[in-house]
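Protein chains: 2
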Amino acid sequence: MPPRGRPRNFDRETVLRKALDVFWRKGFEHASMADLTAAMGLNPPSLYAAFGSKEGLFREVLELYRRHGGSGIWEPVADSASAREAVAHVLRQSARAFSHEDRPPGCLIVLAAPQSEGASPAICEILREHRTRNISVLRERFERAAADGELAPETDCQALATYLATLQHGMSILARDGADGATLMSVADTGLAAWDALISRPPAPAPDPH
Amino acid sequence: MPPRGRPRNFDRETVLRKALDVFWRKGFEHASMADLTAAMGLNPPSLYAAFGSKEGLFREVLELYRRHGGSGIWEPVADSASAREAVAHVLRQSARAFSHEDRPPGCLIVLAAPQSEGASPAICEILREHRTRNISVLRERFERAAADGELAPETDCQALATYLATLQHGMSILARDGADGATLMSVADTGLAAWDALISRPPAPAPDPH
DNA sequence: CTTTTTATGTATCGATCAATAAAAAATAAC
DNA sequence: GTTATTTTTTATTGATCGATACATAAAAAG
């Protein structure tokens, strides 16, 4: 059954996609409500009735981003066949996604609100948690790999995960600086080569391929 | 001979240091002139007479930053004894500098204006050039190492330099997220271990220590 | 001294910020 | 048709943005 009053004449997800594009290109602080209402085709009162505030709008945009926008980078990590495959996927998919023609360069979660002071503290905290979760996802996969025997038991999974997430976050800066897909992919490939070299267990007594 | 009119009653470098702190903590866009005048102890007309505009002030702050603030990271690269020593210095000095108690976390040049649209285009371009120069400094040192025999002649110095600068830029994000000195140093150490493993010339016919 | 020059303090400029008040319009319930 | 409910449009709100006009104060030059 339809609701009582006058129906909305805009689709919620459609206008959220427009808002995502603005936030992605300009960041949270510098995306003005005038920018957002113009891109979304809404008057301010309609926007505030639907999303509550600029912060509420950004929260819903973030959900959309994680559902459709920047996805495909971190989701497959937990179910990847190996730690190496997870690393390869994260780095290469980031290289592809961050240089996609139809999207703003880099990652919204890394670039939208990098200032610890000044920006909305709640927004900063949400984005920070997302970035921290990236590290945890990698660490948990590495710990499983250490238990499976893919990685040496004494591997510092936390350090490895932090290092790789740091590299991946840096790729957003590189993309925002205008790097093309080939440059980003060369960073990913170098990172992967470094992983292979690092993981080849030099301290182990003898490398056993079985 | 002293100048003709009424002398200034503030020291230029002293107030620039105050401005540096504000820009470093808040970024270019979110540091308001009210923040800056309050921190610098100046009235707006004095500030504008001395520095011309917010952009002009930031340019001078950047010069000060490169002279005294965030220095010690990139300067020694060109004169380092080896490429490995340059890499070790950049990563470890970044870990130390980005977690220094007396300074805001992370690097001003990476964090001050990450938005390509919305922020002042001139400021964005200046910061982008600084980041690009970081890559060039590393690349040139690596090319020299390849000529010296430290690195294999076929080494892709551009890819290596971009990869390392990307990691270092990511460390600013990590620091801004609240990582402590030990965490940053573990990223630096992991990156250095990856370098050592990567550079040990696996494709070469036979490792010759001479 | 008077004149010239530069810096300072007070008060504020128009523009833009995020967010709303109020009334008109469009639907369902009755 | 009438009422109740919700959305839309129009026109603003007070606050803050970066940047200045204006008058006064403090120095050197004559």
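If you read the protein sequences in the order shown, they are chains P and D. FYI, in my numbering the residues of the first sequence are 1 to 210. FYI, in my numbering the residues of the second sequence are 1001 to 1210. Here a beta-carbon is modelled for each residue, glycine too, at the ideal position from N, C-alpha and C.
DSSP three-state assignment for residue i, whether helix, strand or coil
i, result
"CYS107 of chain P", "coil"
"LEU1151 of chain D", "coil"
"HIS1068 of chain D", "helix"
"ARG45 of chain P", "As written in the sequence, residue 45 of chain P is Pro, which differs from the Arg given in the question. Reduced to three states, the DSSP call for PRO45 of chain P is helix."
"ASP208 of chain P", "Only weak support exists for where ASP208 of chain P lies, its pLDDT of 49 falling under 50; the value from the coordinates is given anyway. Residue state, collapsed to three classes: coil."
"ALA168 of chain P", "A small correction: the amino acid at residue 168 of chain P is Gln; Ala does not occupy that position in the sequence shown. Correct three-state label for GLN168 of chain P: helix."
"SER120 of chain P", "coil"
"GLU1101 of chain D", "coil"
"ILE1073 of chain D", "coil"
"SER94 of chain P", "helix"
"ASP35 of chain P", "helix"
"ASP1189 of chain D", "helix"
"ALA1194 of chain D", "helix"
"ASN9 of chain P", "coil"
"GLN115 of chain P", "coil"
"ASP1021 of chain D", "helix"
"ARG4 of chain P", "coil"
"SER136 of chain P", "helix"
"ALA1078 of chain D", "coil"
"ALA175 of chain P", "helix"
Which listed residue (the options) has its alpha carbon closest to that of residue i
i, options, result
"GLU154 of chain P", "P:ALA161, P:LEU164, P:GLU143, P:ALA39", "P:GLU143"
"GLY191 of chain P", "D:ILE1173, D:ALA1159, D:PRO1044, D:LEU1184", "D:ALA1159"
"THR14 of chain P", "P:ILE199, P:THR37, P:ALA31", "P:THR37"
"ARG141 of chain P", "P:GLU63, P:PRO76, P:ALA34", "P:PRO76"
"ALA49 of chain P", "P:ALA145, P:ARG12, P:LEU151", "P:ARG12"
"CYS157 of chain P", "P:LEU138, P:ARG92, P:ASP148", "P:LEU138"
"ASP1102 of chain D", "D:ALA1193, D:SER1186, D:ASP1021, D:GLY1005", "D:ASP1021"
"LYS26 of chain P", "D:LEU1164, D:GLU1060, D:PRO1045, D:SER1120", "D:SER1120"
"ARG6 of chain P", "P:SER46, P:ALA39, P:MET33, P:GLY41", "P:SER46"
"PHE28 of chain P", "P:PRO3, P:CYS124, P:LEU42, P:ARG133", "P:CYS124"
"GLU1150 of chain D", "D:SER1082, D:GLY1072, D:VAL1061, D:SER1071", "D:SER1082"
"ASP1079 of chain D", "D:GLU1055, D:LEU1108, D:SER1099, D:ALA1145", "D:ALA1145"
"HIS1030 of chain D", "D:SER1200, D:GLN1115, D:SER1099", "D:GLN1115"
"ARG176 of chain P", "P:GLU85, P:SER71, P:ALA122, P:PRO104", "P:PRO104"
"GLY56 of chain P", "P:ALA122, P:PRO3, P:ARG67, P:HIS68", "P:ALA122"
"GLY72 of chain P", "P:ALA97, P:LEU167, P:ARG133, P:SER136", "P:ALA97"
"THR1183 of chain D", "P:CYS107, P:ALA165, P:GLY106", "P:ALA165"
"LEU108 of chain P", "P:VAL61, P:ARG84, P:ASP148", "P:VAL61"
"SER172 of chain P", "P:GLY52, P:ARG131, P:ARG84, P:HIS68", "P:ARG131"
"ARG133 of chain P", "P:ARG66, P:GLY52, P:PRO3", "P:ARG66"
"GLU1117 of chain D", "P:ASP35, P:HIS89, P:PRO3", "P:ASP35"
"GLU129 of chain P", "D:GLU1129, D:LEU1174, D:PRO1003", "D:LEU1174"
For residue j and residue i, believed in contact at Cβ under 8 Å, the rounded distance
i, j, result
"VAL1087 of chain D", "HIS1169 of chain D", "With a Cβ gap of about 15 Å, VAL1087 of chain D and HIS1169 of chain D do not count as contacting."
"PHE58 of chain P", "PHE10 of chain P", "The pair is not a contact, with the Cβ atoms about 18 Å apart (cut-off 8 Å)."
"ALA1095 of chain D", "GLY1178 of chain D", "About 14 Å; that fails the 8 Å criterion."
"LEU1127 of chain D", "LEU1064 of chain D", "Not confirmed; about 15 Å, so no contact."
"LYS18 of chain P", "MET40 of chain P", "5 Å"
"ARG92 of chain P", "ALA188 of chain P", "5 Å"
"ALA194 of chain P", "LEU1198 of chain D", "5 Å"
Closer than 7 Å: residue i CB and nearest the ligand COA heavy atom
i, result
"ALA197 of chain P", "No copy of the ligand COA occurs in the structure displayed, which carries no ligand at all."
Short CB-CB distance (under 8 Å) between residue i and chain D
i, result
"MET40 of chain P", "no"
"GLY181 of chain P", "no"
"TYR48 of chain P", "no"
"ALA194 of chain P", "yes"
"ALA159 of chain P", "yes"
"LEU138 of chain P", "no"
"LEU198 of chain P", "yes"
"ARG128 of chain P", "yes"
"THR155 of chain P", "no"
"THR37 of chain P", "no"
"LYS26 of chain P", "yes"
"ARG14 of chain P", "It should be noted that the sequence gives Thr, not Arg, for residue 14 of chain P. So, not an interface residue."
"SER53 of chain P", "no"
Beta carbon proximity, residue i to chain P, threshold 8 Å
i, result
"HIS1030 of chain D", "yes"
"ASP1021 of chain D", "no"
"ARG1066 of chain D", "no"
"VAL1187 of chain D", "yes"
"ILE1173 of chain D", "yes"
"HIS1169 of chain D", "yes"
"ASP1177 of chain D", "yes"
"ARG1133 of chain D", "no"
"THR1162 of chain D", "yes"
"GLY1191 of chain D", "yes"
When you check each C-beta in the segment 93-124 of chain P against every C-beta of chain D, which residues fall closer than 7 Å? VAL110, LEU111, PRO114, GLN115, SER116, GLU117, GLY118, ALA119
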